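With full-length UniProt numbering, you'll find the sequence shown wraps up at 156, consecutive numbering, no jumps.
Glycine is no exception: its CB is placed at the ideal position from the N, C-alpha and C atoms.
Note that the structure is a prediction, hence the values are computed from the model and not measured.
Inspection log for the structure reproduced underneath, given as structure tokens.
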Amino acid sequence: YLFIYIIFIFTYTPESKCIIMVTQPQEHLHGRFNQSITISCHFNTSCQKKNQNEVQWYVFRTDSYYQLDIKNQAMKYVLQGADLHINSLSHTDDGVYHCAVFDALSTGSGAQAIGNGTTLTVKGNEYNAGQIMLLTLVVLLSLYILIVLVFFICIK
1 YLFIYIIFIF TYTPESKCII MVTQPQEHLH GRFNQSITIS CHFNTSCQKK NQNEVQWYVF
61 RTDSYYQLDI KNQAMKYVLQ GADLHINSLS HTDDGVYHCA VFDALSTGSG AQAIGNGTTL
121 TVKGNEYNAG QIMLLTLVVL LSLYILIVLV FFICIK
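Structure follows, in structure tokens:
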């Protein structure tokens with residue numbers, strides 16, 4: 001009986017019951033050049049020691065993918081709970097960001113999870129052709145109305 005008990009103790013550990021679920025509620029985000037943005041990450045865990053969870057972020061770009069070095073790039077990236085805050089956006093920040101959570105004390109299946117990803121697109125502060133045309137038309141229309149008003153005032 002002692003042998004069966006020892007096998008049971010070593011095969012049934014709390015870490016086999018550890019399950020983490022990660023969700024990223026925003027599928028797409030649009031940021032502006034030189035501004036900041038926060039990418040949300042939520043997770044639930046059934047792990048016994050909930051404060052042992054670690055959060056990592058990965059970015060996938062058209063030609064590369066890698067883990068973000070949040071500790072050594074503290075001016076660029078800030079971890080707010082599990083959420084990722086990105087400062088000074090540029091076009092090099094375009095990509096799909098994945099939040100990964102794992103339990104540092106568990107190695108069993110389910111003790112690691114990764115979110116579906118949030119696609120970040122950074123737009124410049126420049127005007128597009130449609131906005132320039134609309135602005136030009138508004139200025140010309142205002143000028144035309146002003147000329148007509150001056151003309152009617154001079155005639156009376």
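Answer with buried or exposed for residue i, where buried requires no fewer than 16 other C-beta atoms within 10 angstroms of its C-beta.
i: T136; result: exposed
i: residue 168; result: For the chain, the structure presents residues 1 to 156; residue 168 sits outside this window and is missing.
i: D63; result: exposed
i: H28; result: exposed
i: S36; result: exposed
In three-state terms, what does DSSP make of residue i?
i: T121; result: strand
i: C99; result: strand
i: D93; result: helix
i: T136; result: helix
i: F151; result: helix
i: Q131; result: helix
i: C18; result: coil
i: L68; result: coil
i: L84; result: strand
i: L105; result: coil
i: Q56; result: strand
i: Y12; result: With a pLDDT of 48 at Y12, under the threshold of 50, the modelled position of this residue cannot be trusted, and the question is left open.
Below 8 Å CB to CB, which residues in the same chain sit around residue i once its five sequence neighbours on both sides are set aside?
i: K123; result: H30, G31, R32 and F33
Take residue i as the anchor and find which of the options has the nearest alpha-carbon.
i: C18; options: F152, L146 and N53; result: N53
i: L120; options: V22, T92 and F151; result: T92
i: Q73; options: S88, F60 and G81; result: S88
i: A111; options: C47, C99 and V55; result: C47
CB of residue i to nearest heavy atom of the ligand SAM: below 7 Å?
i: A104; result: The ligand SAM is absent from the structure shown, which contains no ligand whatsoever.
How far does the beta strand (DSSP E) with residue i in it reach, from first residue to last?
i: R32; result: H28 to R32
i: Q73; result: From DSSP, Q73 is part of no beta strand (DSSP E); its letter is neither H nor E.
i: T45; result: H42 to T45
Give every residue of the same chain whose Cβ lies closer than 6 Å to the Cβ of residue i, excluding the five residues on either side of it in the sequence, and list them in chain order.
i: P25; result: S40
i: V96; result: F60, G117 and T119
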